[in-house]
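Residue numbers (this note's numbering): 396 to 610.
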Amino acid sequence: MAAARVNPLTLSTVWHSLQSICKEMRHVVDRTSQNYLIAQLHDVSMGIWDAQARTVAVPIGLSVQYLGGKLAVEYVLNKFKGNLNPGDMILVNDPYHGHCCHLPDWGFFRPIFYQGELLFFTMCRAHQMDTGGSYPGGYFPNAYDIHAEGLCIPGTKVMEADREREDVMELILNNVRWPQGVRIDNYAQIAATRICERRIISLLNKYGKETVLAC
């Protein structure tokens with residue numbers, strides 16, 4: 396099917412709306428996180444990708460984290476091929492597969508479905524206050540290998556149908572020093588991806604799937 400023809404005004408409106416969604420995500424995380432590395436130093440990134448892992452929108456932010464965004468989405472798509480559903484939330488901090496910078500950067504990935512079809516992916520990645528390991532805070536320059544730096548999480552579903560997998564989160568949070576603080580920051584990231592989903596679905600309802608995808 397040929398791509399929809401879009402006039403310049405609609406193109407600009409939709410594109411800026413997608414950029415605005417990313418900025419709103421960042422504002423939510425900045426305002427709700429307990430971690431000063433996120434709330435004050437803004438060690439956080441988020442963005443929107445399509446179902447082929449092509450970059451759709453990213454705000455101004457920590458560019459080094461955005462560079463691996465496409466590769467990280469590709470990894471999630473390949474690992475969970477045929478096993479992605481509305482309300483899923485996937486957590487990744489494995490630098491070798493998730494293409495993040497280091498273990499403290501936890502990325503929460505959410506597939507966005509519209510009328511039963513996967514159209515977009517959103518991701519919110521942020522530096523956690525602790526990841527376990529030999530030294531508090533996630534920085535341990537004397538580590539002999541990555542295992543001493545903290546908990547390394549491959550692509551793992553932490554939510555299904557918007558319900559937390561409590562056993563998985565218990566396992567993860569039991570291996571960090573400040574589980575309650577990390578949990579609150581994680582909820583902030585998850586909330587940001589949910590807002591992204593709601594805003595994108597509103598755009599799709601307003602302009603139609605073909606028009607939004609063509610933009």
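Just so it is clear, CB atoms sit at the ideal spot from N, CA and C, and this is done for glycine as well. All values reported here derive from a predicted model rather than from experimental measurement.
- The Cβ atoms of Gly502 and Val487 lie closer than 8 Å to each other.
- If you ignore the 5 residues before and after Arg400, its C-beta comes within less than 8 Å of the C-beta of Ala609, all in its own chain and listed in chain order.
- By the criterion of a C-beta distance shorter than 6 Å, Glu469 is surrounded in its chain by Ala448, once the five residues flanking it on both sides are discounted.
- In the assembly as shown, Arg593 is an exposed residue. Its beta-carbon has fewer than 16 other beta-carbons within 10 Å.
- For Met518 against Gly463, the beta-carbon gap comes to about 10 Å, at or over 8 Å, which does not count as contact.
- Membership of His497 in any alpha helix (DSSP H) is not indicated, and neither H nor E is assigned to it by DSSP.
- When the Cα atoms are used, Leu479 and Glu559 turn out to be separated by approximately 15 Å.
- For Gly527, DSSP records no beta bridge to any residue.
- Distance from the Cα of Glu544 is smallest, within the candidate group Gly550, Phe535, Lys552 and Thr551, for Phe535.
- The stretch 401-418 and the stretch 579-598 touch, with no fewer than 3 CB-CB distances between them shorter than 8 Å.
- When the five nearest sequence neighbours on each side are left out, the beta carbons in the same chain lying within less than 6 Å of the beta carbon of Ala556 are those of Gly482, in order along the chain.
- Ile541 sits in a helix when the DSSP states are folded into three classes.
- Residue environment for Pro499: buried (at least 16 other C-beta atoms within 10 angstroms of its C-beta).
- Rounded to whole angstroms, the separation of the alpha carbons of Ile585 and Leu466 is 20 Å.
- Put simply, of Gly533, Thr551, Ser412 and Cys547 the residue whose alpha carbon is nearest the alpha carbon of Val453 is Ser412.
- Short of 6 Å from the beta carbon of Gly576, and not among the five residues preceding or following it, lie these beta carbons of its own chain, in chain order: Gln429 and Met524.
- Straight-line measurement puts the Cα of Thr526 at about 15 Å from the Cα of Asp540.
- For Ile585, there is no enclosing beta strand (DSSP E); the residue is part of the alpha helix (DSSP H) that begins and ends at Pro574 to Tyr602.
- A residue is called buried when at least 16 other Cβ atoms come within 10 angstroms of its Cβ; Gly528 meets this threshold and is buried.
- DSSP, reduced to helix, strand and coil, places Val424 within a helical segment of the structure shown.
- DSSP places Gly532 in the coil class of the three-state scheme, outside both helix and strand.
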